[in-house]
Amino acid sequence: MFIQCIFFLSLFINKVFSDDYMPVNRIVNALPAELNQFPYQVSISLAGVWGVPFIISQNPICSGSIIHPRWILTSAYCVYELTSKDRILVQAGKNFINEATEPYQQNRFVNKVYLHPSYPGENARHDIALLTLDKPLSINQNVMAVNLPAPEVVYLGEGIVAGWGSTSFSQNTELSTELRYDTVPIIEHDKCNEILKDKRLPLQVFSEQICTGSGIRNSAVCNGDSGGPLVTKEKLDGYHVQIGIISWGLFPCGKDEIGAVYTRVSCYIDWIDDIVLSDKDNIKNTEFEQQ
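Going by our numbering, the sequence shown runs without a break in its numbering and finishes at 364.
Set out below in structure tokens:
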């Protein structure tokens with residue numbers, strides 16, 4: 074999966090990218106997802122001529138989640154460096170990313186991008202963005218919105234992650250063509266920061282973030298699907314609730330106590346509500362805003 078090692082002090086950037094902690098591509102040791110098992114998961118890519126994804130970019134640049142027929146939730150890092158000249162394609166109802174079309178696939182273009190106003194671009198705090206689509210998705214059992222948590226709720230226990238990342242620990246391995254998933258344990262903040270401190274890394278997990286360990290199959294999320302959802306199941310109805318957005322992690326994936334760090338969605342419910350309620354339905358051109 075997609076996870077970006079982003080560090081908080083630019084002083085460390087060159088060292089990080091040349092040593093043991095760097096962006097990589099994979100979700101390793103994960104299980105293949107069944108059709109419509111994650112109906113809210115979407116791939117995000119750059120569109121080529123006539124809206125067809127570039128052949129060299131068949132793997133998505135990121136993942137995201139459907140929270141409304143017109144709205145996609147993802148990582149700010151995924152779209153921070155894109156401009157209004159970039160045509161952003163969202164594909165819902167996908168399981169096999171190398172298939173041009175699938176029975177339940179729906180393609181939409183992004184009209185507008187909202188970045189969280191406190192996201193600075195270089196570190197992963199407040200790593201959250203909203204995308205509006207050019208037209209609503211048709212909601213059915215194969216394409217539907219994920220539930221969002223109540224504001225400020227803190228989840229413990231386990232979460233589920235999915236993505237199209239590599240299935241190997243090797244850094245140069247191609248990404249998976251099939252959506253895969255695994256269950257990961259949620260680590261308490263103090264424990265997570267203690268691990269980072271012991272490794273003498275210039276990193277910190279904040280209250281607006283969630284830290285997880287490697288999956289039950291020693292899986293890990295990494296570069297390839299940043300912006301994808303971390304979900305948990307509601308005890309009463311079994312529906313998935315999105316509690317996190319994949320943000321950053323350590324290299325090599327799956328070889329550390331910390332599997333990944335996510336943006337905690339419950340801390341941003343008010344921001345999401347404000348953006349969605351303030352948006353106008355007649356947007357025609359792709360625009361980028363920090364709001």
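Here a beta-carbon is modelled for each residue, glycine too, at the ideal position from N, C-alpha and C.
Quiz item: What did DSSP end up calling D346 once you bin it into helix, strand or coil?
Solution: helix
Self-check item: Every unbroken beta strand (DSSP E) inside the region 178-241 [3 residues or more]
Solution: 179-188, 202-206 and 231-236
Quiz item: CA-CA distance, L274 and C151?
Solution: 24 Å
Quiz item: Where W237 and T250 are concerned, what is the direct C-alpha to C-alpha distance, given to the nearest angstrom?
Solution: 6 Å
Quiz prompt | Nonlocal neighbours in the same chain, by C-beta distance under 7 Å from I134, ignoring five residues either side | solution = I117, S118, L119 and C151
Quiz item: For P112, which residues of its own chain have a beta-carbon under 6 Å away from its beta-carbon, when the five flanking residues on both sides are left out?
Solution: N215, V216 and M217
Quiz item: Taking the continuous beta strand (DSSP E) assigned at A333, which residues delimit it?
Solution: A333 to R337
Practice problem: Could you tell me if K185 is buried or exposed, where buried requires 16 or more neighbouring beta carbons within 10 angstroms of its beta carbon? | Solution: buried
Practice problem: Can you grab the Cα-Cα spacing for the pair Y192 / V183, in whole Å? | Solution: 20 Å
Quiz prompt | Sequence-distant residues of the same chain with beta carbon closer than 7 Å to V304, five excluded per side | solution = V219, G232, I233, H313, V314, Q315 and I316
Quiz item: Can you give the Cα-Cα distance for S130 and H262, rounded to whole angstroms?
Solution: Any reading at S130 is ruled out, since the residue's pLDDT is 46, under 50, leaving its predicted position unreliable.
Quiz item: Quick one: what's got a C-beta closer than 6 Å to A165's C-beta in the same chain, skipping five residues either side?
Solution: V115, Q179, L210 and V216
Self-check item: Beta-bridge pairing of Y312 - partner residues as DSSP gives them
Solution: In the DSSP output, where bridge partners are listed per residue, Y312 has none listed.
Self-check item: L221 versus I140: straight-line alpha-carbon distance, rounded
Solution: 8 Å
Quiz prompt | As assigned by DSSP and simplified to three states, the class of A149 | solution = helix
Quiz item: Short check: CB of I170 to CB of H189, under 8 Å?
Solution: no
Practice problem: List the endpoints of the continuous alpha helix (DSSP H) containing L303. | Solution: Taken as a continuous stretch (DSSP letters only), L303 belongs to no alpha helix (DSSP H), being part of the beta strand (DSSP E) at P302 to K306.
Exercise. To the nearest angstrom, report how far apart G286 and D271 are at their CA atoms.
Key: 16 Å
Self-check item: Residue nearest to V335 in terms of C-alpha spacing, selected from P302, A173, V349 and D347
Solution: The question names Val, yet the displayed sequence has Tyr at residue 335. Among P302, A173, V349 and D347, the Cα nearest to that of Y335 is on P302.
Practice problem: From the DSSP output, in three-state form, read off Y341 for me. | Solution: helix
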